[in-house]
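Which chain is which? The protein sequence lines are A and B, in order. If you read the first sequence in full-length UniProt numbering, its first letter stands for residue 1, the second for the next number, and so on. If you read the second sequence in full-length UniProt numbering, its first letter stands for residue 1, the second for the next number, and so on. Beneath this line is the structure, given in structure tokens, with notes to follow.
2 protein chains.
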Amino acid sequence: MTHLFDKPDTFAADAMRGYCDVHARTVRLTQGGVLRATPTPQGKVAVVVGGGSGHYPAFAGYVGQGFADAAVTGDVFASPSTRFIRSVAVKAHRGAGILLGYGNYAGDVLNFGMAAEQLRGDGIDVRPLAITDDVASAPADNQARRRGVAGDLAVFKIAGAAAEAGKPLDEVERLARLANARTRSFGVAFAGCTLPGAEAPLFAVPPGQMAIGLGIHGEPGIEETPILGASEIAALLVQRLLDEVPAQAGQRVAVILNGLGSTKHEELFVLWVAVAALLRDAGLTLVAPLVGEFMTSLDMEGCSLTLTWLDDELEPLWLAPCDTATLRIGADEGLVSVEAVPDVAEEERTSWPPASTASAAQGRLIADGMAFLAAALASAEDELGRIDAKAGDGDHGQGMTRGSTAAAAAAQAAATAGAGAASVLGAAADAWADRAGGTSGVIWGLGLRSASQCLSDEAPVDAGQVAAGAKKALDSITALGGAKPGDKTLVDALDPFVRTLSASVDAGLPLAAAWAAASKEATRASDATARLTPRLGRASIIAERSRGHRDAGAVSLALAASTIHALLDFPT
Amino acid sequence: MTHLFDKPDTFAADAMRGYCDVHARTVRLTQGGVLRATPTPQGKVAVVVGGGSGHYPAFAGYVGQGFADAAVTGDVFASPSTRFIRSVAVKAHRGAGILLGYGNYAGDVLNFGMAAEQLRGDGIDVRPLAITDDVASAPADNQARRRGVAGDLAVFKIAGAAAEAGKPLDEVERLARLANARTRSFGVAFAGCTLPGAEAPLFAVPPGQMAIGLGIHGEPGIEETPILGASEIAALLVQRLLDEVPAQAGQRVAVILNGLGSTKHEELFVLWVAVAALLRDAGLTLVAPLVGEFMTSLDMEGCSLTLTWLDDELEPLWLAPCDTATLRIGADEGLVSVEAVPDVAEEERTSWPPASTASAAQGRLIADGMAFLAAALASAEDELGRIDAKAGDGDHGQGMTRGSTAAAAAAQAAATAGAGAASVLGAAADAWADRAGGTSGVIWGLGLRSASQCLSDEAPVDAGQVAAGAKKALDSITALGGAKPGDKTLVDALDPFVRTLSASVDAGLPLAAAWAAASKEATRASDATARLTPRLGRASIIAERSRGHRDAGAVSLALAASTIHALLDFPT
Chain A
1 MTHLFDKPDT
11 FAADAMRGYC
21 DVHARTVRLT
31 QGGVLRATPT
41 PQGKVAVVVG
51 GGSGHYPAFA
61 GYVGQGFADA
71 AVTGDVFASP
81 STRFIRSVAV
91 KAHRGAGILL
101 GYGNYAGDVL
111 NFGMAAEQLR
121 GDGIDVRPLA
131 ITDDVASAPA
141 DNQARRRGVA
151 GDLAVFKIAG
161 AAAEAGKPLD
171 EVERLARLAN
181 ARTRSFGVAF
191 AGCTLPGAEA
201 PLFAVPPGQM
211 AIGLGIHGEP
221 GIEETPILGA
231 SEIAALLVQR
241 LLDEVPAQAG
251 QRVAVILNGL
261 GSTKHEELFV
271 LWVAVAALLR
281 DAGLTLVAPL
291 VGEFMTSLDM
301 EGCSLTLTWL
311 DDELEPLWLA
321 PCDTATLRIG
331 ADEGLVSVEA
341 VPDVAEEERT
351 SWPPASTASA
361 AQGRLIADGM
371 AFLAAALASA
381 EDELGRIDAK
391 AGDGDHGQGM
401 TRGSTAAAAA
411 AQAAATAGAG
421 AASVLGAAAD
431 AWADRAGGTS
441 GVIWGLGLRS
451 ASQCLSDEAP
461 VDAGQVAAGA
471 KKALDSITAL
481 GGAKPGDKTL
491 VDALDPFVRT
501 LSASVDAGLP
511 LAAAWAAASK
521 EATRASDATA
531 RLTPRLGRAS
541 IIAERSRGHR
551 DAGAVSLALA
561 ASTIHALLDF
571 PT
Chain B
1 MTHLFDKPDT
11 FAADAMRGYC
21 DVHARTVRLT
31 QGGVLRATPT
41 PQGKVAVVVG
51 GGSGHYPAFA
61 GYVGQGFADA
71 AVTGDVFASP
81 STRFIRSVAV
91 KAHRGAGILL
101 GYGNYAGDVL
111 NFGMAAEQLR
121 GDGIDVRPLA
131 ITDDVASAPA
141 DNQARRRGVA
151 GDLAVFKIAG
161 AAAEAGKPLD
171 EVERLARLAN
181 ARTRSFGVAF
191 AGCTLPGAEA
201 PLFAVPPGQM
211 AIGLGIHGEP
221 GIEETPILGA
231 SEIAALLVQR
241 LLDEVPAQAG
251 QRVAVILNGL
261 GSTKHEELFV
271 LWVAVAALLR
281 DAGLTLVAPL
291 VGEFMTSLDM
301 EGCSLTLTWL
311 DDELEPLWLA
321 PCDTATLRIG
331 ADEGLVSVEA
341 VPDVAEEERT
351 SWPPASTASA
361 AQGRLIADGM
371 AFLAAALASA
381 EDELGRIDAK
391 AGDGDHGQGM
401 TRGSTAAAAA
411 AQAAATAGAG
421 AASVLGAAAD
431 AWADRAGGTS
441 GVIWGLGLRS
451 ASQCLSDEAP
461 VDAGQVAAGA
471 KKALDSITAL
481 GGAKPGDKTL
491 VDALDPFVRT
501 LSASVDAGLP
511 LAAAWAAASK
521 EATRASDATA
531 RLTPRLGRAS
541 IIAERSRGHR
551 DAGAVSLALA
561 ASTIHALLDF
571 PT
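Written out as structure tokens, the structure is:
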């Protein structure tokens, strides 16, 4: 949805006022658009670009030194009027003619075309150029009918750099046309955008589907398919562009991975890993790639990939310095052409303290127990997430699965290497903390690590050590987090568990029976957390969120306690 | 929704790989986070920041010269683990101690706190600092319990600049704590975010409602209200922050207007206009304000406002150069502290050619006709939008309303000033084109302007001139757009209208009867457009979209023709 506006019909104009206010260093407002705020010398070709609003940073965000001289900005998704195009262009003109750039849409073609005619009547040399990079919008043999999308940025950047370098209009136009001929874009969309004041999206993509080749105003795409994974989407985008390598193209490409509005930077970075690998596998060198929002469509969900095949003329222009609200390239940095970032290898521990045969056998039992635990928590992941979402951020199930899965793997590796009980449990503890992160990760890691310190790699573990370990886990967790019983944390379940376990062991019960009694108590206590009144304290941030709900941490603690059957086989 | 991922549980790590690949100039990947790619001298205090993922550019985007030395990044919405915080911090350390910054969340407090203890054990001087800027999360008298949101950026930027300037750890910590004490944020949310792999949003805001003070992980806010206009939201945000001006605060503030993910730049710019006006009215000077995405929450819809009250110590640090993926401030630009952008006044025409009494009377009739037309199009706006949305971008109704309303106002102004028929219609034409923009704007503007050229400000208009004007409008529109009957444009209705009008007038019918016959023909033709097979040609981009649907332009032309009753009163 588009929510922030006072009057829908002044949305675009209000946005331009705000933009020029914030970016007063680079742009200033004029009727119908924006001009550079910085002085521009007479005799420089003016690059004037434009189109409808709703696509920020297109087009006002492209204005600044090294890039465009002015942008003419229409209403949302509507071409600016002929009169405003003409008046903005006249103000930007510095006596050396104008390159007039816009996407290839009917309204823009009409208005920019009429403005060009009028400007010629004013005695100004004008070269209109409609950008045609969207391969989904017309077949390869009819490129002149294609729409302009994120390729606008690449072509206008190159034209702007050529103009800034003092090239005459003929050259600026030739280079811009060359860049346009070498630029291809292809995109997918997951959901439509909503015009300011509209109550429903302009168009819809069915839930679970993605629209391949959909235009930035919702123009029909090529087909709809179920939503694919990032690697598959990367393959789709890359393949379609590599199917249409322009004539005389080399191996160096400018790349723009563009988000349409609600598809976030982190998603684009995930997609980039796969896109970059495919492009590099195809032998291409990726020159100063851009990943972010460069041609949006209000709050549309989706993304597009743009390639501009460079050559010795175009590459320096793509890399040349510029200073706009969107894009700042310094004089010394353009030459970075990235290579793949190597994977960060996990540092794996491979040696363990010597263990007795009996302790190594218990280590294997602990590893089996961690595997049971991980399986149980994975099964409960959604339910734990739902409980957590009522009061917290809903990721408790995911965190517990991540942590326990990593812990089980680490414990298995340690046990396989012959480690003893203390080392196996310690390995599980560290892996849990590292991989789970968050509050539950640090608490579980600390608790298991503390418990492991009551065990040994030599002497077989007995029931007293297990009870002592549980007690030490509780003590270290409460010391760290400051939570007391009643604060609605896992301590609400852990505390009665530890008390029952210790009392039962002290009373001479075998470990299996003592553990069963303690688990039952933990489960009962976790059910009761919904009725607790949270108290203020160091843990009060969590406590306050959970008023009236079961605490997910207590529930998962109880679940874990009930699951670790392997421990029950310990000799006692 | 979060759509782009391969495996939900590697989303955060994959995003960091992609981020470091794209931004290899400034950052490099390490286990658990990112480090500066640029050399940092021994003896500089290290600023190490971090927290969960899902908040990009927080925290990895803050790393670079003049800002943070490293970021530790956990899983989505989950604190990084103690071990990774420690290992990243050790790598960033340059022998002068570490400022360790994070938002005040339970998991972060635990993990960063434990890491700080361990680092002290390693012999490194570490100062942990939990950011507490979110005024919605706890009362003013309990600031230590507040959460950290976009104020992280302000505090870390200031700390980073202090460290870069060579200040010792005591000073960096003092300045960072001062900045935190002077920083306040307040936000609203319109809709929740979706964790990677989740099928439903983490939390929901009821449709039409906004959640005031909602946290960036969905922590409960203060209250829910119906969604307000931008000016009212601005007032809410500004007032809440000005209610809590920190002690010893002056009149100069750093400002961050932050989008949470799916609230777009243009919306933020609209909101900025109102926010900036209120802050300036309160006597504040806005120093290098930032409007954009600086602390997101995946794809959450909403925004927050942050103020940091500056003084002679803090302001130079806020303005100091930095070079990160998020924020680039050059050495010479920080001193801009913006003032309000003046409104751009519409240039209004005030003098008209002399008109005869009869023509001035007809001018008033034309103005009345334009008012009828604007009212009719406004009533039909939603319907025209729906028709257009089936094949186009759904803004036809809005464009026609904007254009005809402006045309009616301009015609009224001209008629009131005594202009003749030709001038009134010409004024309407220009206003329509300027205000409507887009394809329909240029076409209607051109058509009305052409028609006006067949009228006069002297001799009263007769039926022949009206028919000639309609013919000239058709000719100029087809010459401009290249559309022929059957291309599914307004020409499909205009062409039969003009032919019928001319034939009827030629046959001696009075204008009223001829116009009525022509209007009927236009309406019939507009209904028939759904059955047309669009042809390729200059208008084919539009034509292809509209296969199987009525053409909105033809429908609105027919509606307009049927509405202009005032013309029928012309003497014939």
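Even for Gly, the Cβ is constructed at its ideal location relative to N, Cα and C. It should be emphasised that the depicted structure is a prediction, and the values quoted were computed from it without experimental measurement.
Problem set entry | Near-chain B residues of the stretch 105-136 of chain A (beta-carbon distance less than 9 Å), N- to C-terminal order | Tyr-105, Ala-106, Gly-107, Asp-108, Val-109, Leu-110, Asn-111, Gly-113, Met-114
For this session: Just confirm the distance between the C-beta atoms of Ala-428 of chain A and Ala-411 of chain A, as a whole number of angstroms; I'd bet it's less than 8 Å.
Result: 4 Å
Problem set entry | Cα-Cα separation, Thr-478 of chain A to Asp-462 of chain A | 25 Å
Problem set entry | Run of the alpha helix (DSSP H) containing Glu-293 of chain B, from where it starts to where it stops | Run containing Glu-293 of chain B: none; DSSP gives neither H nor E here.
Exercise. If we ignore side chains and look at the alpha-carbon of each, how far apart do Val-48 of chain A and Ala-325 of chain A end up?
Worked result: 16 Å
Exercise. Taking 6 Å as the cut-off, does the CB of Lys-471 of chain A come closer than this to any heavy atom belonging to the ligand GTP?
Worked result: In the structure shown, the ligand GTP is absent, as is every other ligand, since no ligand is present at all.
For this session: Output, in chain order, the set of chain A residues within a Cβ distance shorter than 7 Å of Asp-6 of chain B.
Result: Gly-229, Ala-230, Ser-231
For this session: For chain A, find out if any of its Cβ atoms is closer than 7 Å to the Cβ of Gly-103 of chain B; answer yes or no.
Result: no
Exercise. Around the Cβ of Asp-434 of chain A, are there at least 16 other Cβ atoms within 10 angstroms (buried) or fewer (exposed)?
Worked result: buried
Exercise. Around the C-beta of Ala-543 of chain A, are 16 or more other C-beta atoms found within 10 angstroms, so that it is buried, or is it exposed?
Worked result: Below a pLDDT of 50, predicted positions are generally treated as unreliable, and Ala-543 of chain A, at 47, falls in that range; no measurement from the model is reported.
Problem set entry | Helix, strand or coil at Glu-383 of chain B according to DSSP, with G and I counted as helix | helix
Exercise. So what's Tyr-19 of chain B in DSSP terms, helix, strand or just coil?
Worked result: helix
For this session: Using a cut-off of 8 Å between C-beta atoms, extract the partners of Val-424 of chain A located in chain B.
Result: Near Val-424 of chain A there are no residues of chain B at all, since even the closest Cβ is about 18 Å away, more than 8 Å.
For this session: Compute the Euclidean distance between the alpha carbons of Thr-2 of chain A and Gly-221 of chain B, then round it to the nearest angstrom.
Result: 21 Å
Problem set entry | Near-chain B residues of the stretch 18-35 of chain A (beta-carbon distance less than 7 Å), N- to C-terminal order | Gly-18, Tyr-19, Cys-20, Asp-21, Val-22, Ala-24, Arg-25, Leu-29, Thr-30, Gln-31
Exercise. On the premise that Met-295 of chain A lies in contact with Asn-258 of chain A, defined as a C-beta separation below 8 Å, what is that separation, rounded to the nearest angstrom?
Worked result: 6 Å
Exercise. Okay, do the stretch 147-165 of chain A and the stretch 57-71 of chain A touch, 3+ Cβ pairs below 8 Å being the bar?
Worked result: yes
Exercise. Ala-367 of chain B and Ser-404 of chain B: beta carbons closer than 7 Å?
Worked result: no
For this session: May I ask you to report which of helix, strand or coil DSSP gives Asn-258 of chain A?
Result: strand
Exercise. If you draw a straight line from the C-alpha of Ala-144 of chain A to the C-alpha of Thr-132 of chain A, how long is it?
Worked result: 6 Å
Exercise. Would Ser-79 of chain B be called buried (16 or more neighbouring beta carbons within 10 Å of its own) or exposed?
Worked result: buried
Exercise. What's the C-alpha gap between Val-270 of chain A and Pro-128 of chain B?
Worked result: 31 Å
Exercise. Would Glu-521 of chain B be called buried (16 or more neighbouring beta carbons within 10 Å of its own) or exposed?
Worked result: buried
Exercise. For Ile-111 of chain A, does the count of other Cβ atoms within 10 angstroms reach 16, so buried, or fall short, so exposed?
Worked result: Looking at the sequence itself, residue 111 of chain A is Asn, so the reference to Ile does not match. That one is buried.
Problem set entry | Rounded straight-line distance, which links the Cα of Ile-387 of chain B to that of Lys-484 of chain B | 21 Å
Exercise. Residues of chain B with a CB under 9 Å from the CB of His-93 of chain A: which are they?
Worked result: In chain order: nothing, as chain B lies at least about 18 Å away.
Exercise. Where do the N-terminal and C-terminal ends of the beta strand (DSSP E) with Val-498 of chain B fall, by residue?
Worked result: It is not in any beta strand (DSSP E) - Val-498 of chain B instead sits in the alpha helix (DSSP H) that spans 491-506.
For this session: Could you please tell me which residues of the stretch 270-286 of chain A, in chain order, have their CB closer than 7 Å to any CB of chain B?
Result: Val-270, Leu-271, Trp-272, Val-273, Ala-276
Exercise. Alpha carbon to alpha carbon, what distance is there between His-217 of chain A and Ser-297 of chain A?
Worked result: 7 Å
Exercise. If you compare alpha carbons, which of B:Leu-279, B:Gly-363, B:Gly-197, B:Val-135 is closest to Pro-8 of chain B?
Worked result: B:Gly-197
For this session: Verify the CB distance criterion: does Ser-262 of chain A have a CB-CB separation below 7 Å to chain E?
Result: Of the protein chains in this structure, namely A and B, none is chain E.
For this session: Work out the CA separation of Lys-488 of chain A and Val-287 of chain B for me, nearest whole Å.
Result: 43 Å
Exercise. Do three or more CB pairs link the stretch 31-47 of chain A to the stretch 89-107 of chain A at distances below 8 Å?
Worked result: yes
Exercise. Is Asn-142 of chain A buried or exposed, if buried means 16 or more other CB atoms sit within 10 Å of its CB?
Worked result: exposed
For this session: Identify, in the order they occur along the chain, each residue of the same chain with its Cβ nearer than 8 Å to the Cβ of Ile-227 of chain B, setting aside the five sequence neighbours on each side.
Result: Phe-190, Gly-208, Gln-209, Met-210
For this session: Reducing DSSP to helix, strand and coil, say where Met-1 of chain B ends up.
Result: coil
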